[in-house]
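Each residue of the sequence shown is one higher than the one before, starting from 1 at the first, in full-length UniProt numbering. Quick reminder that beta carbons are idealized off the backbone N, C-alpha and C, glycines included. Since this is a predicted model, take the numbers as computed values, not measurements. Have a look at the structure below, then the notes.
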Amino acid sequence: MGRTTPVGRARPGKPLRHPAGPRPRWGSATALVTTFALGFAVAFGLGSWASGPDATESRIAELEQAEARRDVEQVEALIELARGGRERLTPVLGAMAAVSPQQGVASPVAPTADEVRGWRDVVSAEVRRYSETPSAGNGVNVARTGMRTAVEQLAAAVDGFAAATTAAPAQVDDLLALAGAQRTLALRAWSVAALQLDVISIDAGKGHVHVYLPSAPGSGTIPADGAPEGSG
């Protein structure tokens with residue numbers, strides 16, 4: 001009887017062979033994922049390094065400097081606008097005070113229609129100059145809004161004087177007194193805005209700037225300080 005070899009037992013010295021066919025690709029897929037993850041980590045790390053705290057702080061500083069430059073430009077523009085407005089409005093304010101003086105100073109006298117028409121031309125043009133509100137900081141916005149409110153109040157005073165020119169005699173004095181009160185309110189609003197402009201002008205390195213409108217004692221307006229123009 002011949003010798004037999006147990007079934008399923010490999011002969012010594014001979015390695016087991018894998019079935020023929022395509023090899024598994026798990027190793028390749030794992031390597032690909034690992035390479036991608038490493039690349040992403042490197043890219044993210046470099047990106048974080050390039051836009052880290054130093055870059056963020058630099059960007060914030062740039063924005064703050066740009067805002068500061070914008071505000072300085074807006075302060076300069078508002079100063080020029082206010083100075084021009086003071087020159088244009090002063091004659092109108094004087095004429096209004098003459099026809100509607102403070103109580104006890106003189107008797108009110110109704111203006112002519114031509115006088116009121118001239119006042120309206122000047123004041124309406126001033127209202128249009130303040131109709132636009134450029135982007136600026138809070139300090140500039142407060143000053144500009146105050147001056148815009150003042151010229152709009154002055155425009156309401158002009159309407160009151162216009163009504164007095166065509167009103168019945170019994171109503172003229174009351175209308176003139178009302179228009180005069182509106183004029184005074186306009187002066188008060190302007191004085192607050194002028195004080196604000198003085199403050200932000202100093203902050204912008206322009207020194208004191210006094211653009212107050214002329215007002216009589218007792219009108220309730222804020223007076224200009226005694227500092228020389230441009231000082232501070």
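Length of the line joining the Cα atoms of residue i and residue j
{"i": "Glu115", "j": "Gly146", "result": "27 Å"}
{"i": "Ala59", "j": "Arg69", "result": "Note that residue 59 corresponds to Arg in the displayed sequence, not to Ala. If I take the Cα positions, the gap works out to 15 Å."}
{"i": "Val42", "j": "Ala61", "result": "Confidence at Val42 is low in this model, with a pLDDT of 42, below 50, so its placement is unreliable and no value can be given for it."}
{"i": "Gln74", "j": "Gln102", "result": "36 Å"}
{"i": "Ala156", "j": "Gly232", "result": "36 Å"}
{"i": "Val158", "j": "Val142", "result": "25 Å"}
{"i": "Gly220", "j": "Arg188", "result": "6 Å"}
{"i": "Asp225", "j": "Thr56", "result": "43 Å"}
{"i": "Pro223", "j": "Ala136", "result": "26 Å"}
{"i": "Asp121", "j": "Ala95", "result": "14 Å"}
{"i": "Ala66", "j": "Leu81", "result": "23 Å"}
{"i": "Gly218", "j": "Ala227", "result": "22 Å"}
{"i": "Asn138", "j": "Thr184", "result": "26 Å"}
{"i": "Trp190", "j": "Arg83", "result": "12 Å"}
{"i": "Ala164", "j": "Ala177", "result": "10 Å"}
{"i": "Pro134", "j": "Ser201", "result": "17 Å"}
{"i": "Ala97", "j": "Ala106", "result": "10 Å"}
{"i": "Trp119", "j": "Asp54", "result": "58 Å"}
{"i": "Pro169", "j": "Glu76", "result": "47 Å"}
{"i": "Glu132", "j": "Ala113", "result": "30 Å"}
{"i": "Glu87", "j": "Arg128", "result": "16 Å"}
Proximity below 7 Å, CB of residue i to CB of residue j
{"i": "Val205", "j": "Gln182", "result": "Val is not the amino acid found at residue 205; the sequence shown has Gly there. No, they are not a contact pair."}
{"i": "Gly85", "j": "Glu152", "result": "no"}
{"i": "Ala162", "j": "Leu175", "result": "no"}
{"i": "Pro91", "j": "Val99", "result": "no"}
{"i": "Arg144", "j": "Leu78", "result": "yes"}
{"i": "Leu154", "j": "Val123", "result": "yes"}
{"i": "Ala150", "j": "Ala186", "result": "yes"}
{"i": "Pro108", "j": "Asp203", "result": "no"}
Nearest-angstrom Cβ-Cβ length linking residue i and residue j, presumed shorter than 8 Å
{"i": "Val140", "j": "Asp198", "result": "Between Asp198 and Val140 the Cβ distance is about 13 Å, and since that is not below 8 Å, they are no contact."}
{"i": "Gly180", "j": "His208", "result": "Their Cβ separation, rounded to whole angstroms, is 31 Å, which puts Gly180 and His208 out of contact at 8 Å."}
{"i": "Tyr130", "j": "Arg148", "result": "4 Å"}
Discussion item. Would you call the segment 209–227 in contact with the segment 185–198, where contact means no fewer than 3 C-beta pairs closer than 8 Å?
Written reply: With contact defined as three or more Cβ pairs closer than 8 Å, the segment 209–227 and the segment 185–198 are in contact.
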